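Okay, structure first, notes after.
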Amino acid sequence: MKILYMDWKSYCTEDMIPAFEKAGCSVIRVPFTKELGWKSDEYADILRTLVRAEQPDFVYSFNFYPLISSVCEKERCRYVSWVYDSPQVALCHDSAMNTCNMIFLFDEDQKQYFSYKGLKNIYFLPMASNPDRIRQMILTDKLRQEYTAQISFVGSLYSEKKHRFYERFDGINDYTRGYLDALTEAQMRVYGANFIEDSLRPDVISEMMRVFPMMPHEDGSDTVEWLYSEYILNRHVTAQERSEILTVLSEQYDVKLYTNDTSWTSGKIKNCGPVDYYDTAPFVFKSSSINLNITLRSIKSGIPLRAFDIMASEGFLMTSFTADFLKFFIPNEDFVFYESTQNLLDTADYYLVHEDERKRIAENGYKKICRDHTFDIRVSEIFDKINRS
12 MKILYMDWKS YCTEDMIPAF EKAGCSVIRV PFTKELGWKS DEYADILRTL VRAEQPDFVY
72 SFNFYPLISS VCEKERCRYV SWVYDSPQVA LCHDSAMNTC NMIFLFDEDQ KQYFSYKGLK
132 NIYFLPMASN PDRIRQMILT DKLRQEYTAQ ISFVGSLYSE KKHRFYERFD GINDYTRGYL
192 DALTEAQMRV YGANFIEDSL RPDVISEMMR VFPMMPHEDG SDTVEWLYSE YILNRHVTAQ
252 ERSEILTVLS EQYDVKLYTN DTSWTSGKIK NCGPVDYYDT APFVFKSSSI NLNITLRSIK
312 SGIPLRAFDI MASEGFLMTS FTADFLKFFI PNEDFVFYES TQNLLDTADY YLVHEDERKR
372 IAENGYKKIC RDHTFDIRVS EIFDKINRS
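According to my numbering, the stretch in the sequence shown is residues 12 to 400, in order.
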């Protein structure tokens, strides 16, 4: 089987290609950038020529790109995409309806959402990890000393200027400001359900549009409510939540943060700056007593890649709750979740004291990743769907 692999330097590429090759596929890497993903006549011609010359069984990409789908539709070539980003506005593009598509989403709720919107050939496929690769990353005494911590978090605080869209609402009236702040606070206290989009009333939207207009794509099904909730408000909730949780934890425990914004500081958090996710983050996961996952709020039910990689590193995972965890893992046996900041504090205190239980849970999670959640297994599941279609 021949695959044109659209290579835009995504996460998972160096794990996915070997999985395809292990399955007997010939993989041709095609340089691609996300900026080309919507429309580029020049690149479309290049891709079209390549599809005609190679006659692949399918074109593959992480995340969905309208340009690729449009080319594949015209060339009658299957386009397989596995979406791990949330939100993914490209799924609102008209091209997502193309018959060439096979779209895999890591979030069951999002899969249901876009199915309701009319997308066909859309499937739920959780993320995965590569424990074989991670197992070969030897944790030396020096590395353990460098990365050891009671609690670690690897991820964005959305504090960089490019993420601070909520600040664009500085000019809104007092009523709308109070409404959005209250909505943020309410959503921060609720896990497993997201009510932001449904809570954006017409008068609130009107005022938001006045100071920071966002327009749906002419060739798509996205709405103003969806854009504001997914790209601004859910990100703002996540930023506030991560900041609050890490700060509170740092007052009682040794907390290390690995994030791109090296200037960010709060409480007694040790901001260690960015860490290479592929080459170094597994050492953090292996060395930390507790690895924290605070899920981005635009992820409605899905399990983030970070959670799979923590468990694949034999790390102890403590996470905010999303429903898809319960499809594959058992709480307090494979992982631990928290339901409030106070619950997080109590749970962290318990597991930092009870090392044997913590190690047992980490081992169980690791075994389940090895058994059920590798990229080899996901490739097999993709091929199974292809063969049935």
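Even for Gly, the Cβ is constructed at its ideal location relative to N, Cα and C. Treat the numbers as computed from the prediction; the structure is a model and nothing was measured.
{"Check": "Say whether the region 247-263 touches the region 226-234, bearing in mind that this needs 3 or more beta-carbon pairs closer than 8 angstroms, one atom from each stretch.", "Outcome": "no"}
{"Check": "For Gln147, I'd like the list of residues in its chain whose CB is within less than 7 angstroms of its CB, leaving aside the five on either flank, ordered along the chain.", "Outcome": "none"}
{"Check": "For His104, which residues does DSSP report across the bridge?", "Outcome": "Gly231"}
{"Check": "Any chance the region 149-157 sits against the region 304-319, with 3 or more Cβ pairs inside 8 angstroms?", "Outcome": "no"}
{"Check": "In whole angstroms, what separates the C-alpha of Tyr177 from that of Ser37?", "Outcome": "45 angstroms"}
{"Check": "Using the Cα positions of Cys103 and Ser240, report the straight-line distance between them to the nearest angstrom.", "Outcome": "15 angstroms"}
{"Check": "Which of the three DSSP states, helix, strand or coil, is assigned to Val347?", "Outcome": "strand"}
{"Check": "Can you give, in chain order, each stretch of the alpha helix (DSSP H) that sits fully within the region 136-160 and has at least 4 residues?", "Outcome": "142-146, 152-158"}
{"Check": "Thinking C-beta only, is Trp19 closer than 7 angstroms to Lys45?", "Outcome": "yes"}
{"Check": "Expressed to the nearest angstrom, what Euclidean distance is found between the alpha-carbon atoms of Lys33 and Ile388?", "Outcome": "11 angstroms"}
{"Check": "So the beta strand (DSSP E) Pro42 belongs to, where does it begin and stop?", "Outcome": "37-42"}
{"Check": "What separation, rounded to the nearest whole angstrom, lies between the Cα atoms of Tyr269 and Met138?", "Outcome": "22 angstroms"}
{"Check": "What residue does the beta strand (DSSP E) around Lys13 start on, and which one ends it?", "Outcome": "13-18"}
{"Check": "By DSSP, does Val286 sit in helix, in strand, or in coil?", "Outcome": "coil"}
{"Check": "So, at 8 angstroms on beta carbons, what are the nonlocal neighbours of Glu374 in its own chain, with the 5 sequence-adjacent residues on each side left out?", "Outcome": "Glu325"}
{"Check": "Answer yes if the region 158-165 comes into contact with the region 177-196, meaning at least three C-beta pairs across the two stretches below 8 angstroms, and no otherwise.", "Outcome": "no"}
{"Check": "Provide the residue(s) that pair with Val364 in DSSP beta bridges, ordered along the chain.", "Outcome": "According to DSSP, which records beta bridges pairwise, Val364 is partnered with nothing at all."}
{"Check": "Just reading off the beta strand (DSSP E) that Tyr90 is part of, what are its end residues?", "Outcome": "89-94"}
{"Check": "Counting along the chain, where does the beta strand (DSSP E) carrying Asn302 start and finish?", "Outcome": "299-304"}
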